[in-house]
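So the protein lines, in turn, are chains H and B. According to this note's numbering, the first sequence is numbered sequentially starting from 39. According to this note's numbering, the second sequence is numbered sequentially starting from 39.
There are 2 protein chains.
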Amino acid sequence: MKLSTPAEAEAAFYEAFSKADLDQMKAVWLDSPGVICTHPMAERIVGYRLVIGSFLGLFQGQGELAARITQVESLLTADLCVHTGVEVLHQDASEFRMQVTNVYRATNDGWRMVLHHASPVHTAKPPSRLQSKVH
Amino acid sequence: MKLSTPAEAEAAFYEAFSKADLDQMKAVWLDSPGVICTHPMAERIVGYRLVIGSFLGLFQGQGELAARITQVESLLTADLCVHTGVEVLHQDASEFRMQVTNVYRATNDGWRMVLHHASPVHTAKPPSRLQSKVH
Numbered sequence: 039m040k041l042s043t044p045a046e047a048e049a050a051f052y053e054a055f056s057k058a059d060l061d062q063m064k065a066v067w068l069d070s071p072g073v074i075c076t077h078p079m080a081e082r083i084v085g086y087r088l089v090i091g092s093f094l095g096l097f098q099g100q101g102e103l104a105a106r107i108t109q110v111e112s113l114l115t116a117d118l119c120v121h122t123g124v125e126v127l128h129q130d131a132s133e134f135r136m137q138v139t140n141v142y143r144a145t146n147d148g149w150r151m152v153l154h155h156a157s158p159v160h161t162a163k164p165p166s167r168l169q170s171k172v173h
Numbered sequence: 039m040k041l042s043t044p045a046e047a048e049a050a051f052y053e054a055f056s057k058a059d060l061d062q063m064k065a066v067w068l069d070s071p072g073v074i075c076t077h078p079m080a081e082r083i084v085g086y087r088l089v090i091g092s093f094l095g096l097f098q099g100q101g102e103l104a105a106r107i108t109q110v111e112s113l114l115t116a117d118l119c120v121h122t123g124v125e126v127l128h129q130d131a132s133e134f135r136m137q138v139t140n141v142y143r144a145t146n147d148g149w150r151m152v153l154h155h156a157s158p159v160h161t162a163k164p165p166s167r168l169q170s171k172v173h
């Protein structure tokens, strides 16, 4: 799969996610022990094998879960691209919104995902000083 | 303030955080409209002025909040460095742990923070498919 830009890599990631397509998810991520994935409310997962395994776990869950990213802000250098955005997930009739950071790296074979960090908003209590006057 | 490496910038960030030192926090972040900060369970904040304002809000809260980062994994290119780790926060007698992604950018004046994304673990329910078999 040729992913010529970070945007193409990101589109392929959300397509793989929404279709529960593990082969495509495997192709989107850089096959490296240094890649990182933090699912919502979960601990960080380090390394290609474990990251792909976590998506296998998700994909074996019940029901459809359509995911897309909106409001993308991009920070691009020659070989690394950081995206942040709001991830919109639809499961059955419910919509969930996550704050997300995605990082892509340029390789000889196109851009590949090296980091995914997603977190929910306003549904749990952080330390009081962290929730006091931020929003 | 000369921050010669991403590690120095990160140390300065957590020192500023723990001391509630707004001047140091202002020096750690790149003064750019593109910087991004996502506090735990909060919505993304975009731009230097708003990001610094969010820390002013935190620092005006009650009590001490000591913060440090552990278990750092680093992804470094010539001009951008992505760190992930576990942020340990102490407030009064309580300890909180956050999953964190920090990004630093090389400038002519040293390394500066351009992204901070912190999120808690296991204290709220994400969509069921996102919590099913990941951990």
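From the three backbone atoms N, C-alpha and C, an ideal C-beta is built for every residue, glycine too.
Short check: CB of residue i to CB of residue j, under 9 Å?
i: A47(B); j: R150(B); result: yes
i: V138(B); j: A156(B); result: yes
i: G64(B); j: I90(B); result: In the sequence as displayed, the identity of residue 64(B) is Lys instead of Gly. It is a contact, given that the beta carbons lie within the stated cut-off.
i: G99(H); j: V84(H); result: no
i: L153(H); j: L113(B); result: yes
i: L118(H); j: T115(B); result: yes
i: A105(B); j: H128(B); result: yes
i: L94(H); j: F55(H); result: no
i: I18(B); j: E125(H); result: The structure shown does not extend to residue 18(B), since chain B is modelled only from 39 through 173, so no value can be given for it.
i: Y86(H); j: L68(H); result: yes
i: H160(B); j: A80(H); result: yes
What does a CB cutoff of less than 6 Å around residue i pick up in its chain, not counting 5 residues either side in sequence?
i: M39(H); result: A65
i: V120(B); result: L113 and V141
Which partner residues does residue i have in the DSSP bridge list?
i: S132(H); result: Q129(H)
i: H77(H); result: DSSP lists no partner for H77(H).
i: I90(H); result: Looking at the DSSP assignment, I90(H) forms no beta bridge with any residue, so it has no partner.
i: A156(H); result: V138(H)
i: S112(H); result: H121(H)
i: L96(B); result: Paired residues: none, contrary to the question.
i: G148(B); result: L41(B) and T145(B)
i: R106(B); result: V126(B)
i: V84(H); result: I74(H)
Excluding the 5 residues preceding and the 5 following residue i in the sequence, name in chain order all residues of the same chain whose CB lies nearer than 8 Å to its CB.
i: A50(H); result: M39, L41, Q62, A65 and V66
i: T43(B); result: W149
i: V172(B); result: Bear in mind that the predicted position of V172(B) carries a pLDDT of just 42, short of 50, making it too unreliable to give a figure here.
i: D147(B); result: K40
i: E133(B); result: V126 and L127
For residue i, which residues from the same chain have a beta carbon less than 7 Å from its beta carbon, with the 5 sequence-adjacent residues on both sides left out?
i: P78(B); result: M136, A156, S157 and P158
i: T108(B); result: G123, V124 and V126
i: R82(B); result: I74 and T76
i: S92(B); result: C75, H77 and I83
i: L96(B); result: none
i: A162(B); result: Residue placement at A162(B) is flagged as unreliable, the pLDDT there being 44, under the threshold of 50; the coordinate-derived value follows with that caveat. Contacts found: none.
i: A45(B); result: none
i: L88(B); result: none
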